[in-house]
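> Residue numbering for the sequence shown is 243 to 915, as defined by this note's numbering.
Just so you know, even glycine gets a beta-carbon here, dropped at the ideal spot from N, CA and C.
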Amino acid sequence: MLIALLLAQAAVAAASAPAAAAAPQGVTSYPASFFADQHPNTAVDMLSRVPGFTLDSGSSVRGFEGAAGNVIIDGRRPVTKSDDLEEILKRLPASAIERIDVIRGGAPGIDMQGKSVLANIIRKKGNTFRGLLHVSHNYVENGREAVAVRADASGGIGERKWELGSVFAKGIDDGFGPGPGTVVYPDGRPLERSQINTEGDSLQGSVTGAVESPLLGGSLRVNGRYYRDKYKYNENDYVYTPRVAHDGSIETDRSHEYELGATFNRDFGSKLNLEVLGLRHPRTFTIDATNGQYTTPDRFQLDRHTVETIGRGVLKYRPSEQLSLEGGAETAVNTLNSHTAEAVDGLPVTLPAANVRVREDRAEAFGKAVWSPTPAWTVDAGFRYERSAVSSKGDVVLDKTLRFAKPRLTVIWAGLPKTQIRGRIEREVGQLNFDDFVASTNLGTGSGVTAGNPNLNPEQAWVGELTLEQRFWKDGLISVAFRHYRITDAIDRGPVTTATGVIDAPENIGKGTKDELALNLTVPLDRLGIRHGLLKGDVTKRWSSVTDPTTRESREISALHPLDWNAYFSQDLPQWNALWGIDVYGAWRKSYYRFNLVEDQKLKTYVRPYAEWRPRPDINIRIELPNVTARGLRTTDRLYAGPRNTAGPPIVSDRDLNFPNMYYIRVRKTFGG
């Protein structure tokens with residue numbers, strides 16, 4: 243009701259408000275003074291206040307072109323695959339930022355990287371030393387504690403610049419907790435009742451560094467990262483009906499990776515620019531999981547090694563203020579060496595694609611153009627052609643070559659000072675997920691072991707999108723977007739027959755459709771009587787349809803959220819050097835469909851009140867009440883005796899786990915300018 247009221251008032255204000263000056267070609271600049279009342283610490287804090295902007299950290303895909311987020315720094319994208327974009331922005335102090343330019347739709351000279359809205363963070367010139375020390379403590383009502391320490395620094399000597407950062411932290415997985423478990427027969431009679439206690443914790447550490455120096459008339463930047471993580475999951479089930487029993491599960495995951503990247507950038511006059519980059523990212527990941535550790539143990543082990551090596555070159559040409567051209571090529575070599583094993587009560591179980599060695603050689607050529615024939619119109623067009631050769635050895639032997647053309651066209655109209663309409667048509671081609679190539683397990687949801695399948699085709703879709711964006715008042719914004727996807731080679735799950743029975747595996751299940759309706763809202767609340775108040779929110783509704791490979795009936799796409807919504811309220815209190823707010827992350831549902839199982843997961847609404855106080859310009863104290871609603875995760879499994887289309891009614895297992903309340907405090911000290 244509140245959002246509906248605000249929307250109505252916003253529409254009236256938008257119609258009556260005088261036109262404000264806007265930057266040409268869809269670029270809106272937010273200087274550092276725009277954020278002064280908030281006293282932001284990092285770039286993340288600043289971006290959270292930009293009207294109509296939501297941070298997108300990018301996709302976890304192989305290659306560089308398709309993995310971009312929606313933030314660039316000084317017009318360039320960070321050359322990294324393993325370092326999360328949000329973590330990079332947390333290391334960028336607000337005191338180092340001159341302004342943030344937000345590009346909506348497209349603009350000459352800017353590579354939108356496939357995004358509709360892009361933020362370009364412009365840093366201040368100079369080599370001023372800046373440092374940050376961050377210490378936080380998170381206490382959970384069940385007695386668990388987590389401490390994190392972060393230290394970052396940056397500076398320069400002459401024309402050379404450097405950056406260093408480190409994080410060492412214990413993490414607490416708030417997706418697991420205690421709760422009741424029930425299993426009922428198809429006729430509703432109780433089969434089992436239990437009390438479940440689950441916990442997930444991690445220990446992680448990372449070190450990052452970068453240096454930048456003039457070279458051959460341009461600049462060379464070299465960056466590196468080292469990361470280790472250990473995650474442990476424990477589950478204890480105390481059965482009290484129809485008999486008293488105790489069982490449990492334990493899983494330990496370890497990750498170890500490093501990354502080295504370099505980029506060379508040089509201008510040739512005022513119109514031509516060359517960018518060349520390289521990156522190498524090895525990673526080792528292991529799983530050791532045992533289910534039924536007090537009864538009949540089912541042990542699963544995975545040892546996986548991956549290496550990604552990327553080379554990329556881009557030539558950019560801007561013949562005029564209205565036109566920019568870009569062309570380039572990228573090559574990526576990815577290798578996977580994976581070994582998996584399962585044993586039930588000490589006896590080995592045969593798994594399809596348990597031990598495989600996969601190599602993928604990808605090459606992609608691309609061209610892009612952005613043209614603004616008039617101040618009201620902008621056309622952003624691109625074309626990519628990809629060739630991918632995939633070979634596999636071990637349990638699955640194959641050798642195949644895939645080729646895809648990926649055109650993209652975006653047209654932007656901004657004929658009114660505060661109104662923009664964007665239309666997009668694009669062919670999107672997904673990537674084969676190396677996780678689908680090998681067997682895996684998930685003890686936390688009870689879905690069991692899934693076989694691997696290297697012989698997949700990537701999912702493809704023709705996408706059409708139409709967006710209407712309206713700014714109002716001084717910093718208000720509302721946008722509505724509709725997207726339609728026509729999917730081919732949809733990737734889902736299907737049955738595979740092995741020597742020991744039938745098991746679930748990923749497979750291409752044919753064509754499908756997906757539709758999305760998205761609303762994004764930013765409302766300054768001063769006119770509604772809340773001085774320095776701000777309300778931001780987003781809602782996305784999805785509809786989808788594919789043909790189930792088991793039942794041959796239409797159903798939704800597995801793991802797709804039909805509805806997502808979030809709301810954020812904040813209020814600056816500059817007279818007290820403070821601010822407070824409430825973040826609300828809406829409940830969602832997703833379902834997985836397997837040949838003998840339908841699993842529904844429902845994550846409840848997460849609410850986080852917080853407050854920040856700045857007793858001195860260089861000290862910031864933040865307190866939070868994370869998960870004040872004790873949000874939980876409910877998992878309901880409908881398990882059939884055989885394929886869902888021929889078996890009778892299912893046994894139903896329900897786990898309703900609720901995570902306890904938490905209390906969080908963070909102290910941050912900054913150094914330098």
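Nearest to LEU710 by alpha carbon, out of GLU668, ARG669, ASN699, ILE654?
It is ILE654.
> To the nearest angstrom, how far is it from the Cα of ARG880 to the Cα of TYR835?
Taking the straight line joining both Cα atoms gives about 10 angstroms.
> Residue range of the alpha helix (DSSP H) that ILE414 falls in?
Taken as a continuous stretch (DSSP letters only), ILE414 belongs to no alpha helix (DSSP H), being part of the beta strand (DSSP E) at 402-414.
> Rounded to a whole number of angstroms, what is the C-alpha to C-alpha distance between PRO696 and ASP677?
When rounded, the distance between both Cα atoms is 9 angstroms.
> Just to confirm my understanding: we take ARG831, look at its own chain, exclude 5 residues before and 5 after, and list those with CB closer than 6 angstroms. What are they?
Same-chain partners within the cutoff: LYS844.
> Counting only runs of 3+ residues fully inside the segment 828-853, write out the beta strand (DSSP E) ranges in chain order.
With a minimum length of 3 residues, the continuous beta strand (DSSP E) runs that stay inside the segment 828-853 are 830-836, 839-845.
> Return the chain-ordered list of same chain residues with a C-beta closer than 6 angstroms to the C-beta of ASP495, the five sequence neighbours on each side being excluded.
So the list reads TYR473, ILE529, once near-sequence residues are dropped.
> From SER275 to ARG346, what distance separates their C-alpha atoms?
Rounded to whole angstroms, SER275 to ARG346 spans 21 angstroms at the Cα level.
> What number of angstroms, rounded off, separates the C-alpha of PRO700 from the C-alpha of ASP416?
One C-alpha to the other measures close to 33 angstroms.
> Going straight from the alpha carbon of ALA263 to that of SER290, what length do you get?
At ALA263 the pLDDT is 35, less than 50, meaning the model places this residue with poor confidence and gives no usable figure here.
> Am I right that PRO320 and GLY890 are in contact with their C-beta atoms under 8 angstroms? What's the rounded C-beta distance?
No, PRO320 and GLY890 are not in contact; Cβ-Cβ is about 54 angstroms, not under 8 angstroms.
> Three Cβ pairs or more, each shorter than 8 angstroms: is that satisfied between the segment 386-404 and the segment 865-881?
Counting Cβ pairs under 8 angstroms, fewer than three are found: no touch.
> Can you list, in chain order, the residues of its chain with a C-beta nearer than 8 angstroms to that of TRP807? Leave out the 5 residues immediately preceding and following it.
Excluding sequence neighbours, TRP807 sits near GLY779, ASP780, VAL781, THR782, GLY828.
> Tell whether a beta-carbon distance below 8 angstroms holds between SER436 and GLY423.
The answer is yes: Cβ separation under 8 angstroms.
> Return helix, strand or coil for PRO804, following the three-state DSSP convention.
If DSSP states are grouped into helix, strand and coil, PRO804 belongs with coil.
> Please state whether the Cβ-Cβ distance between LEU557 and PHE506 is less than 8 angstroms.
Going by C-beta atoms, LEU557 is not nearer than 8 angstroms to PHE506.
> Tell me the residue span of the beta strand (DSSP E) that contains ILE315.
ILE315 -> beta strand (DSSP E) spans 313-315.
> Pop quiz: PRO590 and ALA583 are said to be a contact at Cβ under 8 angstroms. What is the actual Cβ separation, rounded to whole angstroms?
With 8 angstroms as the limit, PRO590 and ALA583 qualify as a contact, their Cβ atoms being about 7 angstroms apart.
> Measure the alpha-carbon distance for VAL425 versus VAL788 and round it to whole angstroms.
Roughly 29 angstroms separates the two Cα atoms.
> Measuring CB atoms only, is the segment 279-299 touching the segment 357-364, in the sense that at least three cross pairs come out at less than 8 angstroms?
Enough Cβ pairs lie closer than 8 angstroms, so yes.
> Considering just the uninterrupted stretch of the beta strand (DSSP E) at GLU441, what are its terminal residues?
Counting along the chain, the beta strand (DSSP E) containing GLU441 begins and ends at 432-457.
> Assuming the contact rule is C-beta atoms closer than 8 angstroms, PHE913 and ARG365 should be a hit. Round their C-beta distance to whole Å, please.
About 17 angstroms; that fails the 8 angstroms criterion.
> Cutting at 8 angstroms between CB atoms, please list the residues of its own chain near SER258, excluding the five before and the five after it.
Note that SER258 has pLDDT 36, beneath the 50 cutoff, so the model's placement of it is unreliable and no number is given.
> Below 8 angstroms between beta carbons: does that hold for VAL671 and SER634?
No, Cβ-Cβ distance for VAL671 and SER634 is not below 8 angstroms.
> What would DSSP say about LEU685, mapped onto helix, strand or coil?
Model confidence at LEU685 stands at a pLDDT of 49, short of 50, so the residue's coordinates are unreliable; what they give is reported in the following sentence. In the structure shown, LEU685 sits in coil (DSSP, three-state: anything other than H, G, I, E or B).
> Could you tell me whether the Cβ atoms of LEU770 and ILE438 are closer together than 8 angstroms?
Contact flag unset, no.
> Decide if the segment 784-803 is in contact with the segment 750-763; the criterion is three or more beta carbon pairs, one per stretch, under 8 angstroms apart.
Yes: the two stretches touch, three or more of their Cβ pairs being nearer than 8 angstroms.
> Candidates ILE861, THR847, THR888: which alpha carbon is nearest ASN869's?
Considering only alpha carbons, the answer is THR847.
> For GLN355, does the three-state DSSP call read helix, strand or coil?
Reduced to three states, the DSSP call for GLN355 is coil.
> Leaving out five residues before and five after GLU383 in sequence, what residues of the same chain have Cβ atoms less than 6 angstroms from its Cβ?
Cβ neighbours of GLU383 beyond the five flanking positions: PRO902, ASN903.
> Shortest alpha-carbon distance to LEU374 belongs to which of MET354, LYS332, GLY348, ALA349?
Closest option to LEU374, Cα to Cα, is LYS332.
> Any idea if ALA574 is buried or exposed, counting beta-carbon neighbours within 10 angstroms, 16 or more meaning buried?
With 16 or more Cβ atoms within 10 Å of its Cβ, ALA574 is classed as buried.
> Roughly how many angstroms separate the alpha carbons of ALA605 and GLY555, rounded to a whole number?
Between ALA605 and GLY555, the C-alpha separation is close to 12 angstroms.
> Within 10 Å of its beta-carbon, does LYS610 have 16 or more other beta-carbons around it, so buried, or fewer, so exposed?
Label assigned to LYS610: buried.
> For PHE608, does the three-state DSSP call read helix, strand or coil?
Looking at PHE608 - three-state DSSP - the assignment turns out to be strand.
> Under the rule that 16 or more other beta-carbon atoms within 10 Å means buried, what is SER630, buried or exposed?
It is buried - the Cβ of SER630 has at least 16 other Cβ atoms within 10 Å.
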